[in-house]
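Asker: Residue numbers (this note's numbering), protein chains in the order written: chain L, 11 to 124; chain X, 26 to 139. Where a beta carbon is used, it is the ideal one built from N, C-alpha and C, also for glycine. One structure, pasted below without further comment.
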């Protein structure tokens, strides 16, 4: 597609439920990233994919968070047993593989846990 | 651990004035990014700086990078209201040759008054 596409754009969920957030990167971009933006923590790196593999999972805040990427394209970020502190905007981004390329961000998925 | 600090965090300025936003970072990197974020929107890429001494300009904005000082600046010339937004710098602290893993500064909220 023309840009990074994320869904849902907004999600309200009850504490304890699982949620899935989807990201469709720019066509041809092999690198895909998930970031989280919240008032208290600013912008935080969560996970990075190169193709279908995730060499760096260091940013995932707990084992309730997981992500996968299939076919070198679409990625899903799953949060299990959501907590109120998970409320944030989850931003997906993509870039060409070479370091130093522009990273393009999607519009984000606004997650509210009530 | 890479730390990125921006200052000021908030900047209120009058149209027509000049000002500079500073971005300091704690470890060696020669890849620095500037983004703009409007309220409720995603991150828009402004500049990618890839070497010591790099300078890029777009309209009323000019960014520079001094890797020895671990400092980047975003200079605003003759500000106009349309520049009101939050500006983020981000440093690529990747451990890998490929891909970009960004650590963001806290953002500078710029408000330009008529």
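Give the single residue among X:27, X:138, X:54, X:81 whose Cα lies nearest to the Cα of residue 110 (chain X).
Answerer: With distances taken between Cα atoms, residue 110 (chain X) lies closest to X:138.
Asker: Determine whether the Cβ of residue 113 (chain L) lies closer than 8 Å to any Cβ atom of chain X.
Answerer: Against chain X, the CB of residue 113 (chain L) has a partner CB under 8 Å away; the residue lies at that interface.
Asker: Kindly say whether residue 112 (chain X), judged by its beta-carbon, lies nearer than 8 Å to any beta-carbon of chain L.
Answerer: no
Asker: Find the nearest neighbour of residue 52 (chain X) within the set X:70, X:93, X:87, X:104, judged by alpha-carbon distance.
Answerer: X:93
Asker: Could you name the residues of chain X that residue 17 (chain L) contacts, counting a contact when the two beta carbons are closer than 7 Å?
Answerer: Those within 7 Å of residue 17 (chain L) in chain X number zero; the least Cβ separation is about 14 Å.
Asker: Leaving out five residues before and five after residue 57 (chain X) in sequence, what residues of the same chain have Cβ atoms less than 6 Å from its Cβ?
Answerer: 74, 90, 97, 116
Asker: From the beta carbon of residue 165 (chain L), is the nearest beta carbon of chain X less than 8 Å away?
Answerer: Because chain L in this structure spans residues 11 to 124, residue 165 (chain L) falls outside the shown range and cannot be described.
Asker: Answer with yes or no whether the minimum CB distance from residue 70 (chain X) to chain L is below 8 Å.
Answerer: yes
Asker: Going along chain L, which residues have a C-beta under 8 Å from residue 80 (chain X)?
Answerer: Those within 8 Å of residue 80 (chain X) in chain L number zero; the least Cβ separation is about 16 Å.
Asker: Under the rule that 16 or more other beta-carbon atoms within 10 Å means buried, what is residue 35 (chain L), buried or exposed?
Answerer: buried
Asker: Helix, strand or coil for residue 54 (chain L), going by three-state DSSP, please let me know.
Answerer: If DSSP states are grouped into helix, strand and coil, residue 54 (chain L) belongs with the strands.
Asker: My assumption, with CB atoms under 8 Å, is that residue 102 (chain L) sits in contact with residue 14 (chain L). Please give the rounded CB distance.
Answerer: Beta-carbon to beta-carbon, residue 102 (chain L) and residue 14 (chain L) are separated by about 6 Å, close enough to satisfy the 8 Å threshold.
Asker: Tell me which residue opens and which closes the beta strand (DSSP E) that residue 32 (chain X) is part of.
Answerer: 29–32
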